[in-house]
DNA sequence: ATTTAAAGTTACACCTGTGTCACTTTGGGT
DNA sequence: ACCCAAAGTGACACAGGTGTAACTTTAAAT
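Chains as they are written, first to last, in full-length UniProt numbering: chain A, 1 to 191; chain B, 1 to 191.
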């Protein structure tokens, strides 16, 4: 190495995350990022071709972290335990799922690297889906899940629900508890 | 009137809706809108000062339509009937709620007209909330709702759930049915 | 037929983000 | 001490969106 770096890739990702949450996909620019990293715009181009590539690499990075946590779901044997664990890791870093949705805005490109990233991300999603599929299968075997509701809706529902904005800043523990209850039993009175 | 208009306000709103859904808030531009209306960009400035004003007026317009439907919820007397009706009108035009979320991106402005629009929209939201509050009250009185879940979460949950993307294009009727079931009873097996 | 005012067009100046490239700085290897 | 390659900077040309204002078109009113 010839010269000390002023910023690490991790710092880029961390700042990117915050800026994406604060300014949204289109509001996020290399100028903004450069300012926050206290570095010139040109420097970032040394590592990322453009905004799309940076964001998709960030998402891949985050997705890998999430997947490594998700895979440990199999250390639990019952559906209820797995469900608890799943909710915990999702809510642990629930902004990620908001950002994943922001990332949908990334326009398709014919750039080779972009295509490669897209492919990798699709594979990661597939991994995630496969793992979750097993979780659902277990739930169905244990007859804990409503057989009239298809797998895809169950998963969509879980990820959608954890995105409910906590406007009134209900304490984290209470919030998680409510989430679990509402996902399992809806809004109706179980009595 | 001195000359026939080439486009109506309704056409603007209809096109705006579609473009917002297709391109998102930042991807939506006056040039794009003008092209789709087959009109020059300048013409639109005759009616709307800028993109923010146009969108907030569109949202107000849509919100009023929704509210006029929502208020008819009181023609139903039981919670179950009201719930059915609510789900029907929400899912009837569920893109609206996605757009309402897009509209959150509109930056605050100190422009007078903008402030006025913001205020009006806040009032409409308040109206909506008040009506829905009564719906929830009825549900609690009938003991149909889980008393441990706060009002705000119930409402957030309903609006969040109807946004689940129907990726697999489940037929409308089936989809609505699943939505109702999952909102009331969650994913668990009620047996 | 002429007038008039609203509707629409066009061109201009401006701003902001993009991507690139020649340049400078830095610090480890020889 | 010197070299050199990686790290970082600054300036440039470019692209696209913005808002405005002078201009043209159109049709209703007189």
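We put the CB at the ideal spot given by N, CA and C, even for glycine.
Exercise. Alpha carbon to alpha carbon, how far is residue 5/B from residue 64/A? Give it in angstroms, no decimals.
Key: Here residue 64/A is taken as the residue at index 64 of the first chain, counted from 1. Here residue 5/B is taken as the residue at index 5 of the second chain, counted from 1. One C-alpha to the other measures close to 55 Å.
Self-check item: Proximity test, Cβ basis, 8 Å: residue 168/A and chain B
Solution: In the first chain, the residue the question calls residue 168/A occupies position 168. With 8 Å as the cut-off, residue 168/A counts as an interface residue toward chain B.
Exercise. Within the same chain, show all residues whose beta-carbon is closer than 7 Å to that of residue 87/B, passing over the 5 residues directly before and after it, in chain order.
Key: For the purposes of this step, residue 87/B is identified with residue 87 of the second chain, where counting begins at 1. Closer than 7 Å at Cβ, skipping near neighbours: 176, 179 and 180.
Quiz item: Would a check of beta-carbon distances place residue 149/B closer than 8 Å to chain A?
Solution: On the second chain, position 149 is the one that residue 149/B refers to. Residue 149/B counts as touching chain A.
Quiz item: Going along chain A, which residues have a C-beta under 8 Å from residue 185/B?
Solution: As a working mapping, residue 185/B is identified with position 185 in the second chain. Correct list: 146, 185, 186 and 188.
Self-check item: Beta-carbon separation (whole angstroms), residue 187/B vs residue 157/A, contact threshold 8 Å
Solution: As a first step, residue 187/B must be located in the second chain, where it is residue number 187. As a first step, residue 157/A must be located in the first chain, where it is residue number 157. About 6 Å; that satisfies the 8 Å criterion.
Exercise. Please name the residue, chosen from 12/A, 28/A, 62/A and 55/A, that lies closest to residue 38/A on a Cα-to-Cα basis.
Key: Here the question's residue 38/A lines up with position 38 in the first chain. Residue 12/A is the option with its Cα nearest to residue 38/A.
Quiz item: If you pair each beta-carbon of the segment 88-100 of chain A with each one of the segment 14-25 of chain A, do three or more pairs fall below 8 Å?
Solution: yes
Quiz item: Between the segment 23-36 of chain B and the segment 74-85 of chain B, do at least 3 Cβ pairs fall closer than 8 Å?
Solution: no
Practice problem: Could you give the DSSP three-state label for residue 248/A: helix, strand or coil? | Solution: Here chain A has residues from 1 to 191 only, and residue 248/A is not among them.
Self-check item: Under 8 Å from the C-beta of residue 161/A: neighbouring residues of chain B
Solution: Locating residue 161/A in the first chain gives position 161, where the first residue counts as 1. Ordered by position in chain B, the residues that pass the 8 Å Cβ test against residue 161/A are 157, 160 and 161.
Practice problem: Give the single residue among 79/A, 17/A, 44/A and 29/A whose Cα lies nearest to the Cα of residue 7/A. | Solution: The sequence position of residue 7/A within the first chain is 7, counting from 1. Comparing Cα-Cα distances from residue 7/A to each of 79/A, 17/A, 44/A and 29/A, the minimum goes to 44/A.
Exercise. Pull up the distance between the alpha-carbon of residue 92/B and that of residue 2/B, whole angstroms please.
Key: Here residue 92/B refers to the residue found at position 92 of the second chain. Here residue 2/B refers to the residue found at position 2 of the second chain. Between residue 92/B and residue 2/B, the C-alpha separation is close to 39 Å.
Practice problem: Would you kindly report the start and end of the unbroken alpha helix (DSSP H) that includes residue 22/A? | Solution: Here residue 22/A refers to the residue found at position 22 of the first chain. Taken as a continuous stretch (DSSP letters only), the alpha helix (DSSP H) holding residue 22/A covers 9-27.
Quiz item: From what residue to what residue does the alpha helix (DSSP H) around residue 102/A run?
Solution: For the purposes of this step, residue 102/A is taken as residue 102 along the first chain, with counting starting at 1. DSSP places residue 102/A inside the alpha helix (DSSP H), whose first and last residues are 95-102.
Quiz item: Whose Cβ in chain B lies nearer than 8 Å to the Cβ of residue 165/A?
Solution: On the first chain, residue 165/A is found 165 positions in, with the first residue counted as 1. Neighbours of residue 165/A on chain B, chain order: 156.
Exercise. Taking the CB atoms as reference points, tell me whether residue 117/A and residue 71/A lie closer together than 8 Å.
Key: To locate residue 117/A, count along the first chain from 1; it is residue 117. To locate residue 71/A, count along the first chain from 1; it is residue 71. Against a cut-off of 8 Å, the Cβ pair of residue 71/A and residue 117/A comes out as no contact.
Exercise. For residue 143/A, decide whether its Cβ has a neighbour in chain B, counting only Cβ atoms nearer than 8 Å.
Key: Numbered from its first residue, the first chain carries residue 143/A at position 143. Under the Cβ criterion of 8 Å, residue 143/A is counted among the residues facing chain B.
Quiz prompt | residue 64/B: first and last residue of the uninterrupted alpha helix (DSSP H) it sits in | solution = Position 64 of the second chain, counted from the start, is the residue given in the question as residue 64/B. Unbroken alpha helix (DSSP H) run through residue 64/B: 51-70.
Quiz item: So, is residue 193/A buried or exposed, given that buried needs 16 or more other C-beta atoms within 10 angstroms?
Solution: Because chain A spans 1 through 191 in this model, residue 193/A falls outside it and cannot be assessed.
Quiz item: Going by DSSP, what residues sit across from residue 145/A in a beta bridge?
Solution: As a first step, residue 145/A must be located in the first chain, where it is residue number 145. In DSSP, residue 145/A forms a bridge with 188/B.
Quiz prompt | Span of the alpha helix (DSSP H) around residue 45/B | solution = Taking the second chain and counting its residues from 1, the one referred to as residue 45/B is at position 45. Taken as a continuous stretch (DSSP letters only), the alpha helix (DSSP H) holding residue 45/B covers 41-45.
Self-check item: Reduced DSSP category for residue 163/A - H, G, I as helix; E, B as strand; rest coil
Solution: For the purposes of this step, residue 163/A is taken as residue 163 along the first chain, with counting starting at 1. Residue state, collapsed to three classes: coil.
Quiz item: In the segment 43-73 of chain B, which residues sit with their C-beta less than 8 Å from some C-beta in chain A, listed in chain order?
Solution: none
Quiz item: Count the other CB atoms within 10 Å of the CB of residue 119/A; is the residue buried (16 or more) or exposed (fewer)?
Solution: Residue mapping note: residue 119/A aligns to position 119 of the first chain, counting from 1. The residue is exposed, with fewer than 16 neighbouring Cβ atoms inside 10 Å.
Quiz item: Alpha carbon to alpha carbon, what distance is there between residue 149/B and residue 151/A?
Solution: For the purposes of this step, residue 151/A is taken as the residue at position 151 of the first chain. For the purposes of this step, residue 149/B is taken as the residue at position 149 of the second chain. Roughly 26 Å separates the two Cα atoms.
Quiz item: For the alpha helix (DSSP H) that residue 81/A lies in, which residues bound it at each end?
Solution: Stepping through the first chain from its first residue, residue 81/A is reached at position 81. Element bounds for residue 81/A: 79-92.
Quiz item: Does residue 26/A get closer than 8 Å to chain B when you measure Cβ to Cβ?
Solution: Taking the first chain and counting its residues from 1, the one referred to as residue 26/A is at position 26. Residue 26/A counts as touching chain B.
Practice problem: Could you tell me which chain A residues have their CB closer than 7 Å to the CB of residue 152/B, listed as they occur along the chain? | Solution: Within the second chain, the letter at position 152 stands for residue 152/B. The contacting residues are 167 and 168.
Quiz item: Alpha carbon to alpha carbon, how far is residue 31/B from residue 16/B?
Solution: Residue numbering aside, residue 31/B sits at position 31 when the second chain is read from its first letter. Residue numbering aside, residue 16/B sits at position 16 when the second chain is read from its first letter. Cα to Cα, residue 31/B sits roughly 12 Å from residue 16/B.
Quiz item: For residue 125/A, which residues from the same chain have a beta carbon less than 8 Å from its beta carbon, with the 5 sequence-adjacent residues on both sides left out?
Solution: Indexing the first chain from 1 puts residue 125/A at position 125. So the qualifying residues of the chain are 63.
Self-check item: Contacting residues, own chain, Cβ-Cβ under 7 Å from residue 61/B (five flanking each side not counted)
Solution: The residue labelled residue 61/B in the question sits at position 61 within the second chain. Closer than 7 Å at the Cβ level, and outside the excluded window around residue 61/B, lie 13.
Self-check item: Interface partners of residue 181/B on chain A, CB under 9 Å
Solution: Residue 181/B sits at position 181 when you count from the first residue of the second chain. Correct list: 146, 148, 149 and 186.
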